[in-house]
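Shown next, in structure tokens, is the structure this report addresses.
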Amino acid sequence: MTYPVRDYDPQAIEKKWQQRWRDTRAFEVSEDPDRPKFYCLVMFAYPSGHAHVGHVRNYMIGDVVARTRRMRGYNVLHPFGWDAFGLPAENAAIKHGTHPERWTLDNIAHMKGQLQRLGISYAWEREIATCRRDYYKWNQWLFLRMFERGLAYRQRSTVNWCSSCETVLANEQVVDGACWRCDTAVGARDLNQWFFRITHYADALLQGAEGLEQWPEQVLTMQRNWIGRSHGARLRFAVVPGEQQESVGDPIEVFTTRIDTIYGATAVLLAPEHPLADRFAASTADPQAFRARLDRFRSLDRTARTTGQIEKEGFDTGRRALNPFTAEPVPIWIANFVLAEYGTGAIMSVPAHDQRDFEFARKYDLPVRVVVQPAGEPPLQGDALEAAAAAHGVLVDSGPFSGQPSAQAIPAMTQAAEERGIGRGEVQFRLRDWGISRQRYWGTPIPIIYCDDCGTQPVPDADLPVELPAVEQFTGRGDSPLAEVPEFVATTCPGCGGPARRETDTMDTFVDSSWYFYRYCDPHNDERPFDPPKVAYWGPIDFYSGGIEHAILHLIYSRFFCRVLNDLGLVEHDEPFTRLLTQGMVLRNGAVMSKSRGNVVDPDDMLATFGADTLRLYEMFVAPPEREIEWTDAGLEGSFRFLGRVWRLVSAFCETAPPAPALDAVSLEAADRALRRRTHDTIRRVTSDIDVRIHLNTAVSGLMELVNELYGFCARERIGVDSPAADASAPPPRPAALAVAREGIEALVLMLSPFAPHLAEELWEALGHGDGVVAAGWPDYNPEAVRAEEMVVPVQVNGRLRARLTVAVDTPRETLEKMAVEHPHVGAHTAGKRITKVIVVPRRLVNVVAR
RNA sequence: GCCGGAGUGGCGAAACUGGCAGACGCGCUGGACUCAAAAUCCAGUGAGGUUCACCCCUCGUGUCGGUUCGAUUCCGACCUCCGGCACCA
């Protein structure tokens, strides 16, 4: 069948509408106290070079939400920008000799073009890039505020070190314990580094999580576990003097959450970095051998150690410590799985009741002593155990505490420890302070100056930004690249004016991403990071969407920054993101798309073949946003067909159907009421799918069903589908049918507009509306029109479907029960049985229970 | 290893609060249109059984078990895959 309408030509209409949106600055906004605001944000992009379909998916989710809210009358801020500092730019510089800035800016230009061709409704005039001086200046300014408050401090800590390249390696650059460039085994090196005191906010971040009602529970759970508040006890084990009666003085402090198992402690384990380890070395027969073993542990792959993916190993120091409860001497071991960063860097080893200790003890034949018996089970024997009994139980062989249940013994023993001066109750966090120092070029210089006379000096605000110096050669070798630039390092002390040295480390890029969403509110401010009243208007972010891989680090750092900014009086709220959606990963060949894996799918070919609207619609239709998906473009053509179907339906209606009368001027037949029911029920469903559930796939399928319904209706009523010229003898369509068809078509076009905005604007214009879909507003549904007259109620026998009843919607339960029991199919399945109960759920089902 | 998820037709998925498993789409099959093809429009499509046909029956949501009148949904154990584990972003 041919229609007297032009074909759907996505390239032409997309170009037209993108141009018009630019010309009218359609998505640029300013603060307007008279309208409700909506801050819709997607996580900004690392400019890796090319956008891929995984990016597109996330940006579309945000665009659908933003466009829908705009149609509902909100003042919508929907900005975009670039997370532009980071390692890949430096890697590219080393590999190809391209300067990081050139590489980054080229990538941004290319990706911006790709995103603009997708027709996303961004306020591009607010675009930011974190590598620009006017952004990173404010990183430095915020660092200084934190420094003033003691929230930024310097401390020694360990980094990955490649002895061949003589450089620090990121965890990502360590492959199977070896340097990714030269394959040398990676060691550890201690450096003085800057930290942010996020632990100061540990309890606040934990409590704040309670109020995040619109966050996915799984993210909150991950964050709670990450903060890892645990209530336990810090206990002191006195160190027994060595063979020469030398004393090390300080006792070993351990932290335990299971003080109730202390009578089963058969060793004390120290982290290799524990200060006592070095002191023990001196008093051994062969200090060199001892130190060699320590060094071997210390230089183990850090990632492997912190993730427990190493063989548990240790050695006996030959020294003894006294169990503070029993006064029994127990051996002190060094163990590679004990971490200096957590707790006190030392643990008491209770093999019977801790799995890691158990494995360690079995390997080295340390005694396994059961001191907690699980309730109601046969007594455990230490020698016969096959795994640690980690559960609470009743204490045995525990002196005066024997017979007490764990829950009672823990506070009692903690109190006893305090009374005897051997320990105290303590809260520990797994959360560690945030190390922000990076020995790299492509990041924000840390604004600190070291003076031999005045010590550590902050750079005065007036001297900000500390700009990145020009560096031409990137070798990937040596210390911080900035340390190689004498004119950068050499400076004068702001305190005494004498010669001084600049800090040469740069900041972790997570600093950039911890507050960028505030900068969007006031992106061109050159006096402050942002004007607080502007953030007070736009903030907090109403909807934030990004990959699930950011569930912990980025989101917890941003929450931390929000609280710091709140303490600084710059923001009024204490949580930055009211609603969070964590998008599932887009995989290709079973792995996340990334340039380094070489499995990215670039949208450009698809845009050229099918247009932006098809790709947008497809990515929303293929799965719910939270779901992880394996990319396939098998269904892309189906989405293109659907849009073509919409195009033909609406074009034919516009060009060949007679004008439709107003709905209230006609009387509706049953078929008209049925179509209206579908139209209004679709409005109801799609509205809640988009803005309550954010199940955009079912929103699209709802629109597809409406289109199918409209096709059938228009064919039966001879509206638009058949050219009247082809069959002049056919009677003209009924006015009432025209009216309900127009209502359905207009609702369809408006609801499709967040997904396929170019096509929808074009069709909306063709329908005779001159001022766009936002002016038209989001359609409302009429509850009267939705109400069904009759419905099908399933009938089960013992939970198995046996019959269906077509009844009036308000059929009373007695009638439903009677009809169900009398149904012949039901009778066939209840024959010879006694009906014991009939469950009637009005409007849902009837279940006949027969035994 | 630890923490958090996911698993449903040939494929992507739906089932929103424990109530008809498989909406919608892809693919496939058939029909209409066409000289023919493409495009388009219409119809069918979980597996197996039964039947001329309509009906109807059995099985079926990763595996095994449990709770319930009723389980994709709740509980327990397990398998596989994915994300995070603090210097990839």
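Just so it is clear: in the first sequence, position 829 is 829 by our numbering, and no numbers are missing. Note that CB positions come from ideal geometry on N, CA and C, so glycine has one too.
- Our two residues, ALA730 and GLY720, have alpha carbons roughly 13 Å apart in a direct line.
- 8 Å or more divides the Cβ of HIS99 from the Cβ of GLY49.
- With 16 or more neighbouring CB atoms inside 10 Å of its own CB, ASP542 falls in the buried class.
- Taking C-beta separations shorter than 7 Å and ignoring five residues to either side along the sequence, the partners of ILE334 in its chain run LEU270, PRO272, ALA277, LEU294, PHE297, GLY314, PHE315 and THR317, following chain order.
- The three-state reading of DSSP puts ALA390 in coil, since its state is none of H, G, I, E or B.
- Sequence-distant partners of ILE422 (beyond 5 residues in either direction) whose C-beta falls short of 7 Å from its own C-beta, in its chain, are LEU235, ARG236 and PRO324.
- When Cβ pairs closer than 8 Å are counted between the two stretches, the segment 444–463 is seen not to touch the segment 252–265, the count staying below three.
- The alpha-carbon separation between ASN91 and ASN107 amounts to approximately 14 Å.
- In this structure, the alpha-carbon of PRO351 lies about 17 Å from that of ARG320.
- MET43 and PRO532 have their alpha carbons spaced roughly 22 Å apart.
- Taking C-beta separations shorter than 8 Å and ignoring five residues to either side along the sequence, the partners of GLU484 in its chain run VAL471 and GLY478, following chain order.
- Contact between the segment 439–451 and the segment 502–515 is present, with at least three C-beta pairs closer than 8 Å.
- The DSSP-derived three-state label of TRP538 is helix.
- Sequence-distant partners of ARG430 (beyond 5 residues in either direction) whose C-beta falls short of 6 Å from its own C-beta, in its chain, are GLY228.
- For MET751, the enclosing alpha helix (DSSP H) starts and ends at 735–752.
- The beta carbon of TRP778 sits closer than 6 Å to the beta carbons of MET71 and ARG72 from its chain, once the five residues preceding and following it are set aside; these are given in chain order.
- Between VAL797 and GLU817, the CB-CB gap reaches or exceeds 8 Å.
- In the three-state reduction of the DSSP assignment, ILE108 falls in the helix class, which pools H, G and I.
- For ARG802, the uninterrupted beta strand (DSSP E) run begins and ends at 800–808, by DSSP.
- Its Cα nearest to that of VAL841, the residue ASP810 stands out among ASP810, ILE548 and GLU419.
- Its chain contains ARG616, GLU619 and MET620 as the residues whose beta carbon lies nearer than 7 Å to that of MET60, once the 5 sequence neighbours on both sides are disregarded; these appear in chain order.
- When beta bridges are read from the DSSP output, SER545 appears opposite VAL42 and LEU581.
- In the DSSP annotation of this structure, ASN589 is not part of any beta strand (DSSP E), being labelled neither H nor E.
- At a cut-off of 3 residues, the continuous stretches assigned as beta strand (DSSP E) that sit fully inside the segment 345–400 are 346–349.
- When DSSP assignments are scanned along the segment 298–347, the uninterrupted stretches of beta strand (DSSP E) that are 3 or more residues long and fall wholly within it turn out to be 314–322 and 329–335.
- At the C-beta level, LEU636 and THR614 come within 8 Å of one another.
- Taking ALA340 as the centre and dropping the five residues before and after it, the same chain places the C-beta of ALA271 and GLU273 closer than 6 Å to its C-beta, in chain order.
- Contact annotation, GLY208 with ARG559: C-beta distance approximately 7 Å; criterion of less than 8 Å satisfied.
- Contact between PRO79 and TYR711 does not hold, since their C-beta atoms are separated by about 40 Å, which reaches or exceeds 8 Å.
- The beta carbon of VAL774 is closer than 7 Å to those of ARG70 and MET71 in its chain, skipping five residues each way along the sequence.
- Non-local C-beta neighbours of THR303 in its own chain, meaning closer than 7 Å and more than five positions away in sequence, comprise ASN171 and VAL174, ordered along the chain.
- At a Cβ-Cβ threshold of 8 Å, VAL53 and VAL592 do not count as neighbours.
- Bridge pairing for GLU790: ALA808 [DSSP].
- Residue pairing by DSSP places CYS496 opposite no residue, since no beta bridge is assigned to it.
- Taken atom to atom, the span from the alpha-carbon of TYR122 to that of ARG305 is near 44 Å.
- In the structure shown, the three-state DSSP call for SER164 is coil.
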